[in-house]
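Heads up, the thing below is written out as structure tokens.
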Amino acid sequence: MHSTITRAQNIFGFFTTVLFVLGAIIASTDFLAPRTPSADVFVKDIQVVRGRPHYYSTKKEEYASIRFSLSADFSSLFNWNTKQIFVWVSATWPEPSASNKSIHTNEAVIWDTIITSPSSDHLQNIGPVAMKKLIKSAKGKSIDPSRGKIELRNQKPKYQITAPSGKLAELDDVLLKVHYNIQPWVGILTWTQQVEFWNWKVIEGGVSKIFKLPALKKKDEKKDEKKKTTKKAT
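To convert, count from 1 in the sequence shown and add 14; that's my numbering.
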């Protein structure tokens, strides 16, 4: 005869096995939905200045601020198992002393955002007005296609670029890249597709043209710009 504890353990083990199998089946359904993301990113304005990039910086160093435009369509990444998508834009560049400039060993994030699915809007830390708009846009739809579309024009970066050496002026072979990370309700995290796999396609575009960071902005140039902006304001 089995004891009560042994029977409870058997029931619990059977229950967790069933849950695991169901979870695996749910996660595998992601492979049935095609993924065809696309993105175009363009550099609009670049500035390199010397100062403290963050309030907690202990010393002055060169840092770059890159404005960009982004047109992306990640709507195909949403299905019934998608919880949210994390999208970010990074700047990459090779080591100045490296002989092979095609290998980009440095990378820094300049902008990011989170796109939630209609079923996880309650996780968004937004105001009541924006929440009403999200709920209205999702009414009667399992997935709102507009959720995955991003249109940015002359976007200001969230984060400045710094380098371990503290020098960035006149840096060559810099690129902007678009990345994404999909968080499902059940299953594993998937990142930017590097290799085509069945219905999952590599992101179309997603890389800017190679550009060069400008020379360090001098104090006189900053003063002239301030004068111009004050004249325009008046």
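Where a beta carbon is used, it is the ideal one built from N, C-alpha and C, also for glycine.
* Coil, strand or helix - residue 200 by DSSP -> By one-based count along the sequence shown, residue 200 stands at place 186. Coil.
* Asked: Once you ignore the five residues that flank residue 172 on each side, which residues in its own chain have a CB closer than 6 Å to its CB?
  -> On the sequence shown, position 158 is the one that residue 172 refers to. Counting only Cβ-Cβ distances below 6 Å, and skipping sequence neighbours, we find 125.
* What is the residue span of the alpha helix (DSSP H) that residue 33 lies within? -> As a first step, residue 33 must be located in the sequence shown, where it is residue number 19. It spans 18-42 - the alpha helix (DSSP H) in which residue 33 sits, taken as one unbroken run.
* Three-state secondary structure (DSSP) of residue 161 -> Your numbering for residue 161 matches position 147 in the sequence shown. In this structure, residue 161 counts as helix in the three-state DSSP scheme.
* Could you check if residue 234 is buried or exposed, using at least 16 other CB atoms within 10 Å of its CB as the buried criterion? => The count along the sequence shown starts at 1 and reaches residue 234 at position 220. Note that residue 234 scores a pLDDT of 48, beneath 50, so its modelled location is shaky; the value from the coordinates is reported in the next line. Residue 234 is exposed by the Cβ-count criterion.
* To do: Provide the residue(s) that pair with residue 190 in DSSP beta bridges, ordered along the chain.
  => As a position in the sequence shown, residue 190 is number 176, starting the count at 1. 105.
* Taking residue 169 and residue 227 to be in contact with their CB atoms under 8 Å, please state how far apart those CB atoms are, rounded to whole angstroms. => Indexing the sequence shown from 1 puts residue 169 at position 155. Indexing the sequence shown from 1 puts residue 227 at position 213. Residue 169 to residue 227, Cβ: 18 Å. No contact.
* Asked: Is it right to say residue 98 is buried, meaning 16 or more other beta carbons lie within 10 angstroms of its own, or is it exposed?
  -> Start at 1 with the first residue of the sequence shown, and residue 98 comes out as number 84. So residue 98 ends up on the buried side.
* Distance, residue 197 Cα to residue 163 Cα -> Residue numbering aside, residue 163 sits at position 149 when the sequence shown is read from its first letter. Residue numbering aside, residue 197 sits at position 183 when the sequence shown is read from its first letter. Cα to Cα, residue 163 sits roughly 17 Å from residue 197.
* Asked: When you compare only the Cα positions, how much space is there between residue 44 and residue 175?
  -> Indexing the sequence shown from 1 puts residue 44 at position 30. Indexing the sequence shown from 1 puts residue 175 at position 161. A direct Cα-Cα distance of roughly 36 Å separates residue 44 from residue 175.
* Is DSSP giving residue 209 helix, strand or coil here? -> Your numbering for residue 209 matches position 195 in the sequence shown. In the structure shown, residue 209 sits in coil (DSSP, three-state: anything other than H, G, I, E or B).
* Asked: Do the region 182-190 and the region 71-80 meet, that is, are 3 or more Cβ pairs less than 8 Å apart?
  -> yes
* Answer with buried or exposed for residue 96, where buried requires no fewer than 16 other C-beta atoms within 10 angstroms of its C-beta. => In the sequence shown, the residue the question calls residue 96 occupies position 82. Buried, by the Cβ-count rule.
* How many angstroms separate the CA atom of residue 213 from the CA atom of residue 22? -> For the purposes of this step, residue 213 is taken as the residue at position 199 of the sequence shown. For the purposes of this step, residue 22 is taken as the residue at position 8 of the sequence shown. When rounded, the distance between both Cα atoms is 43 Å.
* Please name the residue or residues paired with residue 219 in a DSSP beta bridge. => Within the sequence shown, numbered from 1, the residue matching residue 219 stands at position 205. BP columns for residue 219 point to 53.
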